[in-house]
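Numbering (the UniProt record's numbering), first residue to last: 1 to 375.
One structure is given below, encoded as structure tokens.
What follows is the structure, given as structure tokens:
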């Protein structure tokens, strides 16, 4: 204002805003949900191409003397000859289930993963984000939404007791291992191809030791969880394993029922991660996804379930260290390398025994020494 005074304005009564009423347009304009008309099948989903991973850049060997498992724990390596697509195809109900049309949303495509892992941990993370996601979706579809098996990832903290990368069970499974962990029906480990692969089986004695060491690692976890089913996954291949040997031990009637043979492993034919689709004649091919789904189906059975004739139940009765079920074993295969004196001493120092028929070492196997030792 010219005279520098602030003008005054008359006060007016303030009224509340009228209440907001829903617009008629909300009722008059209604959009139907978008229909998902695209369909797929579990078989197409499990046999779809997988991302190609390069070899892990940095690998680390285990420090000598830290493991409670040793390569010579594996005593027999046999072929798991009926782990194949012919066995799956022989069950008509499975084929119908795998070929049932479903909406794409029930089988989601996994997110992109790191295909250039620098460390074993990154490799395991990529396996979890792709393979575990696919298998879990397929299991949920084929076993039912209410109750189905699931692959779960375990991350071992630095300095903690080592555990498998994958443990699979039902959420309702309440059984525990001797360490208090949830008992798995399927256990899986992830290894770098440069450090372990199926070709080492026919390599030099040093390569054979590495091959058996990888199997012994899985064998340890399978006995810890009391399960017959497990697998090893690398950047290149998947190997499925069944432990414990025949259910009926005709070789020794003194072996209790369902007690496994120590060190007895049946190894399925290696499955290339890159395998996908069907053969040229239209027949099925065993892919990594289909193999993982099938081994989980085998482990899903309860006692008395005869769905898959001729297949073993997942459970094997290992018992605690005091039960000493390791005493039930066969002679080592002739092709396996011989033990050295230093390896025997290492096993004695870490766990109290190097051959499974040795007496119980209470201090190492049942006492305080066991709690302090790493696996």
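Note that CB positions come from ideal geometry on N, CA and C, so glycine has one too.
As the structure is a computational prediction, the values presented were derived from the model and not from experiment.
Asked                                                                                                                                                                              : Found
Do you know offhand how far residue 129's Cα is from residue 113's?                                                                                                                : 7 angstroms
Using a Cβ-Cβ cutoff of less than 8 angstroms, which residues in the same chain neighbour residue 361 once the five nearest sequence positions on both sides are dropped?          : 351, 352 and 353
Quick one: what's got a C-beta closer than 6 angstroms to residue 266's C-beta in the same chain, skipping five residues either side?                                              : 78, 80 and 242
Which class does residue 361 belong to by DSSP, given the choice of helix, strand or coil?                                                                                         : coil
First and last residue of the beta strand (DSSP E) that includes residue 168?                                                                                                      : 166-170
So, for residue 203: in the same chain, excluding its five sequence neighbours on each side, which residues have a beta-carbon less than 7 angstroms away from its beta-carbon?    : none
Which of helix, strand or coil does DSSP assign to residue 31?                                                                                                                     : Any reading at residue 31 is ruled out, since the residue's pLDDT is 49, under 50, leaving its predicted position unreliable.
Can you give me the C-alpha to C-alpha distance between residue 363 and residue 178, rounded to a whole angstrom?                                                                  : 16 angstroms
My guess is that residue 386 and residue 317 are in contact by the Cβ rule of under 8 angstroms, so how many angstroms apart are they, rounded?                                    : Lying outside 1 to 375, the shown extent of the chain, residue 386 is not represented and no answer is given.
Taking just the CA atoms, how far does residue 61 sit from residue 162?                                                                                                            : 14 angstroms
If you measure between the beta carbons of residue 189 and residue 164, is that distance less than 8 angstroms?                                                                    : yes
Judging by CA-CA distance, which residue of 166, 342 and 145 is the nearest neighbour of residue 155?                                                                              : 166
Helix, strand or coil: how does DSSP classify residue 154 here?                                                                                                                    : coil
Would residue 74 be called buried (16 or more neighbouring beta carbons within 10 Å of its own) or exposed?                                                                        : buried
DSSP three-state label for residue 135, please.                                                                                                                                    : helix
Which residue or residues does DSSP assign as beta-bridge partners of residue 77?                                                                                                  : 265
With 16 as the cutoff for other CB atoms within 10 Å, does residue 365 come out buried or exposed?                                                                                 : buried
Let me make sure I understand the geometry here. Which of 236, 270, 102 and 288 has the alpha-carbon closest to that of residue 276?                                               : 288
Should residue 89 be labelled buried (16 or more other beta-carbon atoms within 10 Å of its own) or exposed?                                                                       : exposed
Touch check for the stretch 142-154 and the stretch 294-304: three-plus C-beta pairs under 8 angstroms?                                                                            : yes
Measuring CB to CB, does residue 234 end up less than 8 angstroms from residue 191?                                                                                                : yes
Quick check: the stretch 257-265 against the stretch 312-331, are there 3 or more CB pairs under 8 angstroms?                                                                      : yes
Return the chain-ordered list of same chain residues with a C-beta closer than 8 angstroms to the C-beta of residue 377, the five sequence neighbours on each side being excluded. : No answer is possible for residue 377: the residues shown for the chain start at 1 and end at 375.
Note down the Cα distance separating residue 87 from residue 215, rounded to an integer number of angstroms.                                                                       : 24 angstroms
Taking the Cβ atom as the reference point for each residue, do residue 47 and residue 102 lie within a distance shorter than 8 angstroms?                                          : no
Exposed or buried, what is residue 58 when buried is set at 16 or more other beta-carbons lying within 10 Å of its beta-carbon?                                                    : exposed
Look at residue 290 and residue 231 and say whether their C-beta atoms are less than 8 angstroms apart.                                                                            : no
In terms of residue numbering, what span does the beta strand (DSSP E) encompassing residue 242 cover?                                                                             : 237-243
Going by alpha carbons, who is nearest to residue 315 out of 258, 51 and 307?                                                                                                      : 258
Would you mind listing the beta strand (DSSP E) stretches within the stretch 183-236 that are 3+ residues and don't spill past its ends, in chain order?                           : 186-190 and 229-233
Where does residue 245 land, buried or exposed, given buried means 16+ other C-beta within 10 angstroms?                                                                           : buried
With DSSP as the reference, label residue 292 as helix, strand or coil.                                                                                                            : helix
Kindly identify the DSSP beta-bridge partner or partners of residue 284.                                                                                                           : 278
Suppose the cutoff is 7 angstroms on Cβ atoms and the five residues either side in sequence are ignored; what does the same chain contact list for residue 307 look like?          : 301
Residue 120 to residue 254, Cα distance in whole Å?                                                                                                                                : 43 angstroms
Could you check what DSSP says for residue 327 in three-state terms: helix, strand or coil?                                                                                        : helix
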